[in-house]
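Read the structure below first, then the notes.
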Amino acid sequence: MAQHETSPTLAKTPVSALVAAVLTMVLWASAFVAIRHIGESVRPGPLALGRLLIGAVALLAVVAFRREGLPPRAAWPGIAGMGVFWFGLYMVALNWGERHTDAGTAALLIGAGPLLVALLAGFLLHEGFPRPLLIGLAVAFVGAALAGASSGGGDSAVLGVLLCLAAAAGHAVGVIFQKPALSHASPLQVTAYASTIGAVACLPFAGQLVTDLGDASAGAWAGVLYLGLLPTALAFWTWSYALARMPAGRLGAVSYIVPALTVLLAWPTLGEFPSGLALTGGALCLVGVGLSRRQPRTAPETASSPAPEEPAFAEPAAVGETVDVSGPARAAQD
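Mapping of the sequence shown onto this note's numbering: position 291 corresponds to residue 400, and the numbering continues sequentially without gaps.
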């Protein structure tokens with residue numbers, strides 16, 4: 110009888126990496142709650158600009174401390190695209206979307222991001238459209254429709270869902286740009302300069318940021334500072350630490366706890382809890398993502414060979430550690 114053994118990869122995963130991964134997810138979940146709270150005082154564009162300015166300054170300070178300098182010229186197209194779409198479009202659309210939907214539902218909808226990444230990779234990187242991807246897309250579409258119909262807020266609720274999906278799309282496009290950039294520059298360089306470009310893209314909101322913060326409470330100021338330093342800058346450090354010490358596929362699986370954490374954090378702090386229909390719709394979005402990532406069964410003679418880990422799609426991958434994007438990883442993502 111075959112003996113069941115502990116996975117070597119799991120056994121070698123240090124506790125510190127698991128702690129770092131969970132801390133990252135808690136910080137990213139808290140961002141949904143903070144955005145929802147601060148959105149009452151600071152408009153979507155200015156909030157994105159404030160968060161990015163603080164995060165970019167912090168990350169550029171780390172670049173200077175580590176003396177990494179400027180990325181190679183070949184990395185800049187990817188960095189620019191990531192900055193505009195992931196940091197710019199994503200944050201503005203998410204901030205706007207959370208004005209029309211609760212934090213938990215927004216987090217559930219953003220969870221569809223990996224599915225959109227795979228879809229865009231099929232079109233732009235010619236990675237194909239396997240059946241699991243198409244099935245997952247259909248399931249996630251039904252989930253998004255249910256989430257849009259859940260709150261009974263009419264056009265406003267639908268707008269919130271569409272904006273959150275637009276944010277997920279911005280994340281997906283940013284990942285496509287990030288992928289080649291990481292083959293030329295370190296994750297720290299890519300993330301720091303992409304966040305800087307995102308801040309530059311949001312500069313048209315500078316006047317509104319001054320106005321909004323001038324009228325905002327000390328709590329709103331603290332919230333913007335929190336978003337820039339913790340979910341933006343610090344979370345990339347903890348993500349980087351975990352990514353360097355555990356398989357990217359397992360780390361990506363950990364990212365699925367973000368919506369649940371967001372709901373748990375929003376309940377006591379904001380008094381929000383998604384409706385049953387919204388939870389069902391969001392859960393279907395995540396089920397769709399899971400279905401899209403299913404791998405075909407291996408042939409009997411190769412079934413004992415471990416499949417290559419599929420990298421995660423959560424947030425800008427890593428600060429301060431080099432990620433191997435060659436071989437199977439390049440064909441998958443990140």
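Using N, Cα and C, we set each Cβ at its ideal position, and we do this for glycine too. Here the structure is a predicted model, which is why all the values come from computation and not from measurement.
The Cβ-Cβ distance between A308 and L161 falls below 7 Å. Nearest to A344 by C-alpha distance, out of P123, V135, S125, is V135. Taken in chain order, the complete beta strand (DSSP E) segments of 3 or more residues contained in the region 317-390 number zero; there are none. Approximately 7 Å separates the beta-carbon atoms of A215 and L203; this is inside 8 Å, confirming the contact. The residue among I219, G283, A275 with its C-alpha nearest the C-alpha of M191 is G283. Taking 7 Å as the cut-off, the beta carbon of A138 is found no closer than this to the beta carbon of L336. Proximity to L127 across P356, T389, V398 peaks at P356, based on C-alpha coordinates. Going by C-alpha positions, L339 is about 8 Å away from G164. The beta carbon of L233 sits closer than 8 Å to those of I285, all from its chain and outside the five residues before and after it, given in chain order. Residue state for G220 is assigned as coil, using DSSP reduced to three classes. Here the C-alpha atom of W376 lies approximately 20 Å from the C-alpha atom of L395. Leaving aside the five residues that flank T389 on each side, the residues in its chain whose CB is nearer than 7 Å to its CB run, in chain order, L255. Given a length threshold of 4 residues, each whole run of the alpha helix (DSSP H) inside the region 183-232 is given here in chain order: 185-191, 199-206, 212-219. Around the beta carbon of L312, fewer than 16 other beta carbons sit within 10 angstroms, so the residue counts as exposed. Distance from A276 to I219 at the Cβ level is roughly 6 Å; contact confirmed, criterion being Cβ atoms closer than 8 Å. Here L393 is buried: its Cβ has 16 or more other Cβ atoms, across all protein chains shown, within 10 Å. Judged by DSSP in its simplified three-state form, F174 adopts helix. Within its own chain, the residues whose Cβ lies closer than 6 Å to the Cβ of P153, once the five positions on either side in sequence are excluded, are V201, N204, W205, listed in chain order.
Just so you know, the alpha carbons of S150 and L156 end up roughly 9 Å apart. Around the CB of A173, fewer than 16 other CB atoms lie within 10 Å, so the residue is classed as exposed. A residue is called buried when at least 16 other Cβ atoms come within 10 angstroms of its Cβ; H280 meets this threshold and is buried. For S139, the uninterrupted alpha helix (DSSP H) segment begins and ends at 124-147.
Selection G148, G269, Q287 evaluated against Y302 yields Q287 as nearest (Cα-Cα). By the neighbour-count criterion, in which a residue is buried when 16 or more other Cβ atoms sit within 10 angstroms of its Cβ, H209 is buried. By the neighbour-count definition (other C-beta atoms within 10 Å, threshold 16), D321 is a buried residue. The C-beta of R359 has 16 or more other C-beta atoms within 10 Å across all chains shown, which makes the residue buried.
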